[in-house]
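A.B. asks:
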Amino acid sequence: MESTTNLANPTLANKKLGLLLSTSPEHPNAETVYHLSKTALANKVDTYLYFIDEGVKNLEDPRFSELAKNGLKLFVCAYGCQQHHISTDGYGKEVTFCGLVILSNIIDGCDRFLAFN
């Protein structure tokens, strides 16, 4: 008998989850958001992640780029990158640098939104 822990939950498919991460990579929130994003994607949940403030430093974590290549919609505050001296060069189309209007749209458009501050 196959384990059900590896099977996608069909009731979650096509739901939209928005996540905000404003803490640095050293903070436990970064690990939580990574695993939450990975699990949501595995369950076919449309997942939107927005890095803001110190959270923009997580852009340098290759795990998030890998998730973005596998369906995570990754948005990064361009102003936050400027403030924290994070380069916006060298990222593919899977990373979108933007402002707070996009964050507002994510909040409005998702079934659930969680902020990790």
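Heads up: the sequence shown begins at -10 in this note's numbering, then just goes up one per residue.
Positions of the beta carbon are idealized from the N, C-alpha and C atoms, including for glycine.
Got a sec, what are the start and stop residues for the beta strand (DSSP E) T85 sits in?
C.D. replies: In the sequence shown, counting from the first residue as 1, residue 85 sits at position 96. Note, T85: beta strand (DSSP E), V84 to C87.
A.B. asks: Can you tell me where the alpha helix (DSSP H) holding V22 begins and where it ends?
C.D. replies: By 1-based counting over the sequence shown, the position of residue 22 is 33. Taken as a continuous stretch (DSSP letters only), the alpha helix (DSSP H) holding V22 covers P17 to A31.
A.B. asks: Looking at the secondary structure, which residues open and close the alpha helix (DSSP H) in which K5 lies?
C.D. replies: Numbered from its first residue, the sequence shown carries residue 5 at position 16. Here K5 belongs to no alpha helix (DSSP H); instead the beta strand (DSSP E) covers K5 to L10.
A.B. asks: Give the straight-line distance between the Cα atoms of T56 and Y68, rounded to the nearest whole angstrom.
C.D. replies: As a first step, residue 56 must be located in the sequence shown, where it is residue number 67. As a first step, residue 68 must be located in the sequence shown, where it is residue number 79. Checking the sequence, you will find Leu at residue 56 rather than Thr. In a straight line, the C-alpha of L56 is about 23 Å away from that of Y68.
A.B. asks: Please go through the same chain and pick out, in chain order, the residues whose beta-carbon is closer than 6 Å to the beta-carbon of D35, but skip the five residues on each side of it.
C.D. replies: Here the question's residue 35 lines up with position 46 in the sequence shown. The residues are K5.
A.B. asks: Once you ignore the five residues that flank F102 on each side, which residues in its own chain have a CB closer than 8 Å to its CB?
C.D. replies: Working through the sequence shown from its first residue, we reach residue 102 at position 113. Excluding its 5 nearest sequence neighbours in each direction, F102 has C-beta neighbours in its own chain below 8 Å: L6, G7, L8, L9, I95 and I96, listed in chain order.
A.B. asks: Hey, quick one: how far does the alpha helix (DSSP H) through L61 stretch, first residue to last?
C.D. replies: On the sequence shown, residue 61 is found 72 positions in, with the first residue counted as 1. Here L61 belongs to no alpha helix (DSSP H), and DSSP marks it neither H nor E.
A.B. asks: Determine, using beta carbons only, whether E49 and T12 come nearer to each other than 7 Å.
C.D. replies: The residue labelled residue 49 in the question sits at position 60 within the sequence shown. The residue labelled residue 12 in the question sits at position 23 within the sequence shown. Not a contact, by the Cβ cut-off of 7 Å.
A.B. asks: On the DSSP letters alone, give me the boundaries of the alpha helix (DSSP H) that Y68 sits inside.
C.D. replies: In the sequence shown, the residue the question calls residue 68 occupies position 79. Run containing Y68: A67 to Q72, per the alpha helix (DSSP H) assignment.
A.B. asks: Hey, out of T21, T0 and C70, whose CA is closest to G88's CA?
C.D. replies: As a working note, residue 88 is residue 99 in the sequence shown. Here the closest residue by C-alpha is C70.
A.B. asks: What residue does the beta strand (DSSP E) around D35 start on, and which one ends it?
C.D. replies: Working through the sequence shown from its first residue, we reach residue 35 at position 46. Unbroken beta strand (DSSP E) run through D35: D35 to F40.
A.B. asks: Tell me L103's beta-bridge partners as DSSP assigns them.
C.D. replies: The residue you call residue 103 lines up with position 114 of the sequence shown. DSSP, once it has assigned bridges, lists L8 as partnering L103.
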